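A short write-up of the structure that comes next.
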Amino acid sequence: MKSFSYINPTRILFGKGQIAAISKHIPESARVLVTYGGGSIKANGVYDQVMAALTGRSVMEFGGIEPNPRYETMMRAADVARAGKADFILAVGGGSVIDGSKFLAVALPYDGPDPWDLVTGKAKIRGAMSLGAVLTLPATGSESNCGAVITHQGLGAKVPFGHPSVYPVFAVLDPEATRSLPSRQVANGVADAFVHVMEQYLTVPAAGMVQDAYAEALLKTLIAVGPKTLADPDDMDARANLMWAANQALNGLISVGVPQDWSTHMIGHELTALYGLDHARSLTIVLPAMMRVRQEAKRAKLLQYAEHVWGVRGGAEDTRIGAAIERTEAFFRSLCLPVRLSDVHLKADVVAAVEANLIAHGMTALGEDKAVTPDVAKQVLTAAL
Ligand code: NZQ
Ligand code: ZN
1053 MKSFSYINPT RILFGKGQIA AISKHIPESA RVLVTYGGGS IKANGVYDQV
1103 MAALTGRSVM EFGGIEPNPR YETMMRAADV ARAGKADFIL AVGGGSVIDG
1153 SKFLAVALPY DGPDPWDLVT GKAKIRGAMS LGAVLTLPAT GSESNCGAVI
1203 THQGLGAKVP FGHPSVYPVF AVLDPEATRS LPSRQVANGV ADAFVHVMEQ
1253 YLTVPAAGMV QDAYAEALLK TLIAVGPKTL ADPDDMDARA NLMWAANQAL
1303 NGLISVGVPQ DWSTHMIGHE LTALYGLDHA RSLTIVLPAM MRVRQEAKRA
1353 KLLQYAEHVW GVRGGAEDTR IGAAIERTEA FFRSLCLPVR LSDVHLKADV
1403 VAAVEANLIA HGMTALGEDK AVTPDVAKQV LTAAL
């Protein structure tokens, strides 16, 4: 195991009724900007709970943050924040609202020419406005990590950034807030969390026994509670475990001291930027093909995954690996998610388009071993046709 330094400073407020507790964790004198998406929080009562918890505070709001949050939208949010002299951001929604709000948090104190430079790395992030999160969609882990993914519509680019200053101060995880989710978003969340674990687990053996065993526990939990949540929307134990598993999948814990991949995500981001696929759906298409194309480099971990997660034991190595990949695909299909580009009506021209974008965005040496070149990405996309 490699040496590491680990901290996750986000306070988790987990369970029914926890939205009421946010006032204890926001300074009394704060001028709070509440950010949200297209309106689901107004329909399901979460907005009312948040506003009740903020009674007596100085509050302003910015709604309309879209899925795959846009730089352009968040620049409008910055105008609202500046006009109201906001000094605390409360993001209420899914990963898109939280990610967009993280960008806002770094953009507000920045006095350079264009805050997009903070996303691309052209300019250094030096600090951020304090941010809290009320999560309504278990999926990304954004509520307690220091990453975000922002889309620049004008440039046709979807780019991740990360900085320790954007860890939310607190994150409310109330499973009740997820009851209004359409099944498509529940399925997306299960798959996104599943692939987050895989990006940190399915690499090469690194003697991270705790990390491996915890990753396997998260995968098995997602395999169990994903279908349960879809089949019985009132199963609150399933919802609670889904919310906690998705959080733990990307809060930084399982990646310490071990290699990480993330090539499926980077290729998926290009698919979303080009064709508007839901984030999770881009991943369920790319991951099985990535496993096939990278079978040799990932052989030992694929065999471990087959045995520990799917209980695949007897038979030749290649047969076991093939079975594990098929089980993974069958799991995604059982959630009504696509596993081929053809499932979302995309054709062979996608391959060259994604390859060109990966090159344009400098994504030319991806994966735990930097071996996923644009040419390998091409093989992966071809295998996913
Ligand atoms: O906008 P509203 O009206 O709120 O509706 C949203 C949106 O349409 C709806 N929704 C959310 N909570 C709901 C609800 N509908 C009913 N009831 C509720 N309780 O769900 C739709 C999708 O929301 P979105 O926030 O886009 O989904 P998700 O949480 O999956 O976030 C996806 C974004 O996160 C990024 C993705 O790239 C994508 O842009 N990611 C962020 C990561 C991170 N920060 O660490 C890691 C991930 O890999 C991912 O890349
Ligand atoms: Zn993801």
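Residue numbers (my numbering): 1053 to 1437.
Ideal placement from N, C-alpha and C gives every residue a C-beta, glycine not left out.
Remember, it's a predicted structure, so these values are computed and weren't measured experimentally.
Residue i, enclosing alpha helix (DSSP H) - first and last residue
i, result
"A1200", "Here A1200 belongs to no alpha helix (DSSP H); instead the beta strand (DSSP E) covers 1199-1204."
"R1344", "1331-1345"
"S1148", "1147-1159"
"V1102", "1098-1105"
"G1374", "1369-1386"
"G1320", "1315-1327"
"A1358", "1351-1362"
"Y1123", "1123-1135"
"K1430", "1426-1435"
"K1094", "1092-1095"
"N1409", "1401-1412"
Buried versus exposed, by CB contacts within 10 Å (16 or more), residue i
i, result
"C1388", "exposed"
"S1235", "exposed"
"D1100", "exposed"
"H1397", "exposed"
"S1194", "buried"
"F1383", "buried"
"V1186", "buried"
"R1372", "buried"
"D1289", "exposed"
"E1348", "exposed"
"K1054", "exposed"
"R1333", "buried"
"S1153", "buried"
"R1365", "exposed"
"Y1377", "The amino acid occupying residue 1377 in the given sequence is Ile; Tyr does not appear at that position. So I1377 counts as buried."
Extent of the continuous beta strand (DSSP E) to which residue i belongs
i, result
"Y1266", "No beta strand (DSSP E) holds Y1266; the alpha helix (DSSP H) holding it covers 1261-1283."
"S1110", "1110-1114"
"I1059", "First-last for I1059: undefined, no H or E at that position."
"T1087", "1083-1088"
"S1232", "It is not in any beta strand (DSSP E) - S1232 carries neither H nor E in the DSSP assignment."
"K1210", "1209-1214"
"S1182", "1182-1187"
"V1298", "According to the sequence shown, residue 1298 is Ala rather than Val. Looking at the DSSP string, A1298 is not in any beta strand (DSSP E); the run it does join, the alpha helix (DSSP H), is 1288-1301."
"A1223", "1222-1225"
Check: residue i C-beta below 8 Å from any heavy atom of the ligand NZQ
i, result
"T1324", "yes"
"E1118", "yes"
"D1244", "yes"
"Y1253", "no"
"G1146", "yes"
"Q1070", "no"
"L1233", "yes"
"K1210", "yes"
Cβ-Cβ distance between residue i and residue j below 9 Å
i, j, result
"V1406", "A1429", "yes"
"R1346", "V1247", "no"
"F1217", "A1082", "The sequence given here places Ser at residue 1217; Phe does not occur at that position. In this structure, A1082 does not lie closer than 9 Å to S1217 by Cβ."
"V1277", "L1294", "yes"
"C1198", "G1214", "yes"
"D1284", "I1071", "no"
"I1074", "G1184", "yes"
"N1120", "G1328", "yes"
"T1125", "T1188", "no"
"V1102", "L1142", "yes"
"Y1219", "T1380", "no"
"L1335", "D1244", "yes"
"L1326", "Y1266", "no"
"I1275", "V1149", "no"
"M1127", "A1105", "no"
"V1310", "Q1237", "no"
"I1337", "V1249", "no"
Selection from the options that minimises the alpha carbon distance to residue i
i, options, result
"A1341", "T1324, T1416, S1315", "S1315"
"A1412", "Q1431, V1211, M1126, E1359", "V1211"
"G1374", "A1358, A1269, A1130", "A1358"
"P1079", "L1433, M1053, G1108, H1321", "G1108"
"I1093", "V1144, M1053, M1112", "V1144"
"N1409", "V1262, H1321, A1382, E1348", "H1321"
"G1147", "Q1205, G1090, A1105", "G1090"
"Y1088", "L1437, A1105, M1112", "M1112"
"N1096", "I1059, E1228, F1114", "E1228"
"L1270", "T1203, R1291, A1301, I1177", "A1301"
"D1163", "R1134, T1416, V1242, L1339", "R1134"
Residue i beta carbon near the ligand ZN (any heavy atom closer than 8 Å)
i, result
"D1151", "no"
"T1336", "no"
"A1332", "yes"
"H1204", "no"
"T1380", "no"
"V1247", "yes"
"H1317", "yes"
Closer than 9 Å to chain B by CB, residue i
i, result
"F1383", "In the structure shown, chain B cannot be found, because there is only a single protein chain."
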